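**Q**
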Amino acid sequence: MNKESMQIKVDNIKKKFDKNKSIPYYFLTSICIIGVLFFLSSNILFNKEMSLMSTEINKEMNLNSLVVTLKDRQYNSENGLVQFTIKIKNQSLNEKADLDFEIREKNNPTEIIPGKVTKVTNSDYIITTKVDKKWDALSLTVIDKNVTGSYIKIYSDIRDININNELKEKGVNEYTVEVIENEIKDIQQEIEEINTLISTKNSKISTLEENITKLEADKKYQTESEIEATENTIKSNQASIEQLKNEIKIESEKCKEYEEKIKKLEEKKKNFL
Numbered sequence: 101m102n103k104e105s106m107q108i109k110v111d112n113i114k115k116k117f118d119k120n121k122s123i124p125y126y127f128l129t130s131i132c133i134i135g136v137l138f139f140l141s142s143n144i145l146f147n148k149e150m151s152l153m154s155t156e157i158n159k160e161m162n163l164n165s166l167v168v169t170l171k172d173r174q175y176n177s178e179n180g181l182v183q184f185t186i187k188i189k190n191q192s193l194n195e196k197a198d199l200d201f202e203i204r205e206k207n208n209p210t211e212i213i214p215g216k217v218t219k220v221t222n223s224d225y226i227i228t229t230k231v232d233k234k235w236d237a238l239s240l241t242v243i244d245k246n247v248t249g250s251y252i253k254i255y256s257d258i259r260d261i262n263i264n265n266e267l268k269e270k271g272v273n274e275y276t277v278e279v280i281e282n283e284i285k286d287i288q289q290e291i292e293e294i295n296t297l298i299s300t301k302n303s304k305i306s307t308l309e310e311n312i313t314k315l316e317a318d319k320k321y322q323t324e325s326e327i328e329a330t331e332n333t334i335k336s337n338q339a340s341i342e343q344l345k346n347e348i349k350i351e352s353e354k355c356k357e358y359e360e361k362i363k364k365l366e367e368k369k370k371n372f373l
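Sequence positions in the sequence shown follow this note's numbering and run 101 to 373.
Listed below in structure tokens is the structure:
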């Protein structure tokens, strides 16, 4: 493209702008709209990412010889009470767990918020604190005092916490009942998962048995070599059925043990009511 043709194009564009004075305004308006949409979508993406900062319930975290699990978190929006339920398993037989807990709020991370730690059992802790009604996210730091500078952080976003406006501070006995009830719920969930697994394995057995019946019927119309191959397939299916039945037996025994555990926990709970 030579200089003369370029000048002609520029003159044409200029004429169009001169004829329609509103084009620049449309252009500026479009830029503003795109900017607002970008800001809103970025905010949505940012908020979504922030929600992911909350530590998952029942996620196991390793802290030296300790396994720390957040079992529950609750917030009473009326009185500002926050409650964390923590389970800590000590995998060391030689060292007793020596722990400290610190609570901070995202908007003022240097200030430690006063909290109360209730040791319910050797592995169950309830940590409570009072917060202002305007807060975004809390961090609960679990510190292993046996190892210098060793800690993990548990995060809780206000958008990802169980709102319970009946939440109140309780005594050790009430917390013990709460911990027992949570353990029973966990075991019941395990039983449900096992029953689903058993159901799936029984369906596989039914499919294999139907296949064996079909294969047996097909043998009537097969040659000797085909019959041999069919019998090998039948034997393989039968072996799979036996394997599945053994697995079901093991899972059923687990269910019985879990059901017995629930009975014992129910008995234990009565002592604290």
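Every residue, glycine too, gets a C-beta built ideally from N, C-alpha and C. Keep in mind the model is a prediction, meaning the values are calculated, not measured.
Would Arg259 be called buried (16 or more neighbouring beta carbons within 10 Å of its own) or exposed?
**A** Taking the first residue of the sequence shown as 1, we reach residue 259 at position 159. With fewer than 16 Cβ atoms within 10 Å of its Cβ, Arg259 is classed as exposed.
**Q** Cα-Cα, which of Gln289, Leu166, Glu331 is closest to Cys355?
**A** On the sequence shown, residue 355 is found 255 positions in, with the first residue counted as 1. Minimum Cα distance to Cys355 is reached at Gln289.
**Q** Ile227: which of Asp318, Glu202, Leu193, Lys361 sits nearest, CA to CA?
**A** Locating residue 227 in the sequence shown gives position 127, counting from the first residue. Closest option to Ile227, Cα to Cα, is Glu202.
**Q** How many whole angstroms separate the CB atoms of Ile280 and Leu365, which I take to be in contact at a CB cut-off of 8 Å?
**A** As a working note, residue 280 is residue 180 in the sequence shown. As a working note, residue 365 is residue 265 in the sequence shown. Right, their Cβ atoms sit about 5 Å apart.
**Q** Counting pairs of beta carbons, one from the region 176-193 and one from the region 226-244, are three or more of them closer than 8 Å?
**A** Yes, since at least three Cβ pairs between the region 176-193 and the region 226-244 fall closer than 8 Å, the two stretches touch.
**Q** Confirm, please, whether the CB-CB distance from Asn311 to Asn332 is below 8 Å.
**A** To locate residue 332, count along the sequence shown from 1; it is residue 232. To locate residue 311, count along the sequence shown from 1; it is residue 211. Not in contact: Asn332 and Asn311 (Cβ atoms no closer than 8 Å).
**Q** Considering only the alpha carbon of each residue, which of Lys363, Glu324, Thr300, Asn208 lies closest to Ile287?
**A** On the sequence shown, position 187 is the one that residue 287 refers to. Residue Lys363 is the option with its Cα nearest to Ile287.
**Q** Pairs of beta-carbons, one from the region 208-221 and one from the region 295-303, closer than 8 Å: are there three or more?
**A** Not touching, per the Cβ criterion.
**Q** Thinking C-beta only, is Lys196 closer than 8 Å to Asn282?
**A** Within the sequence shown, residue 282 is the residue found at index 182, counting from 1. Within the sequence shown, residue 196 is the residue found at index 96, counting from 1. In this structure, Lys196 does not lie closer than 8 Å to Asn282 by Cβ.
**Q** Taking just the CA atoms, how far does Lys189 sit from Ile252?
**A** As a first step, residue 252 is located in the sequence shown; it is residue number 152 there, counting from the start. As a first step, residue 189 is located in the sequence shown; it is residue number 89 there, counting from the start. Cα to Cα, Ile252 sits roughly 14 Å from Lys189.
**Q** Using the C-alpha atoms, what's the distance from Met153 back to Phe127?
**A** Counted from its first residue, the sequence shown places residue 127 at position 27. Counted from its first residue, the sequence shown places residue 153 at position 53. Caution applies to Phe127, whose pLDDT of 48 falls short of 50 and renders its modelled position unreliable; the model cannot decide the point.
**Q** Tell me the rounded alpha-carbon separation between Ser325 and Ala339.
**A** Numbered from 1 along the sequence shown, position 225 holds the residue referred to as residue 325. Numbered from 1 along the sequence shown, position 239 holds the residue referred to as residue 339. Taking the straight line from one Cα to the other gives about 21 Å.
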